[in-house]
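Down below is the structure, laid out as structure tokens.
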Amino acid sequence: MSSAPSSWTIRRKPSFAKDLKRLAKSLYKSDRQREEFLKVLFSFVEVLERHGPSSPLLDAEVMTGGLAPEGHKLYKFYLRPPHTRGASGQMRVLALVNETDQTVDLLMAYTHADYPKQPHPREIRERIEEGGDR
12 MSSAPSSWTI
22 RRKPSFAKDL
32 KRLAKSLYKS
42 DRQREEFLKV
52 LFSFVEVLER
62 HGPSSPLLDA
72 EVMTGGLAPE
82 GHKLYKFYLR
92 PPHTRGASGQ
102 MRVLALVNET
112 DQTVDLLMAY
122 THADYPKQPH
132 PREIRERIEE
142 GGDR
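Residues in the sequence shown are numbered from 12 upward in steps of one, following our numbering.
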């Protein structure tokens, strides 16, 4: 007997949507390219909702360094949006994950050009503490 797959709840922090708008505008000049970018994002969110952050379908790592509150993990997802070149166009999404509640809070989206390594810990903490879609 098979059971229905578990579903994850995906929430967006307010500045996450701003990040996406900024990236779409800076990475793409045509509406068609922006639409393809959105398709990549929708696909990413769909995989998260269906399979969770540990899915082998996603390229991700759990970040260390003590930034995540107790009971949570901070994930960095690697996305490769269409029509971008080299490392500078590779996109990262930071997300706060609570595996017990099966929730994923999308915190931040950026490219390697924005942050060659990763955002400053202070900035990540601010995003974690920010209100969001619930």
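All C-beta atoms, glycine included, are put in the ideal place defined by N, C-alpha and C.
Given this structure, state the Cα-to-Cα distance separating residue i from residue j, to the nearest angstrom.
{"i": "R113", "j": "Y39", "result": "Here the sequence assigns Gln to residue 113, which means Arg is not the residue at that position. Near 33 angstroms, if we compare the C-alpha coordinates of Y39 and Q113."}
{"i": "M119", "j": "S65", "result": "18 angstroms"}
{"i": "R25", "j": "E137", "result": "Note on residue identity: the sequence assigns Pro, not Arg, to residue 25. Each residue's alpha carbon lies about 12 angstroms from the other."}
{"i": "A79", "j": "N109", "result": "10 angstroms"}
{"i": "R45", "j": "Y126", "result": "22 angstroms"}
{"i": "Y121", "j": "K128", "result": "11 angstroms"}
{"i": "A71", "j": "R133", "result": "22 angstroms"}
{"i": "F27", "j": "D116", "result": "10 angstroms"}
{"i": "E140", "j": "L107", "result": "11 angstroms"}
{"i": "K36", "j": "E47", "result": "13 angstroms"}
{"i": "D42", "j": "R33", "result": "14 angstroms"}
Quick check on residue i: does DSSP put it in helix, strand or coil?
{"i": "D116", "result": "strand"}
{"i": "L107", "result": "strand"}
{"i": "K87", "result": "strand"}
So residue i packs on residue j, CB below 8 angstroms; how close in whole Å?
{"i": "F88", "j": "V104", "result": "4 angstroms"}
Are there any heavy atoms of the ligand FMN lying less than 6 angstroms away from the beta-carbon of residue i, as far as the coordinates show?
{"i": "R91", "result": "Only the bare structure without any ligand can be found here, which leaves the ligand FMN out of the picture."}
Please confirm if the segment 43-61 is in contact with the segment 128-144, defined as three or more CB-CB distances below 8 angstroms between the two stretches. no
Take every Cβ of the segment 51-71, pair it with every Cβ of the segment 17-24, and state whether three or more of those distances are shorter than 8 angstroms. yes
What beta strand (DSSP E) runs, 3 residues minimum, are completely inside the segment 47-83? 71-74
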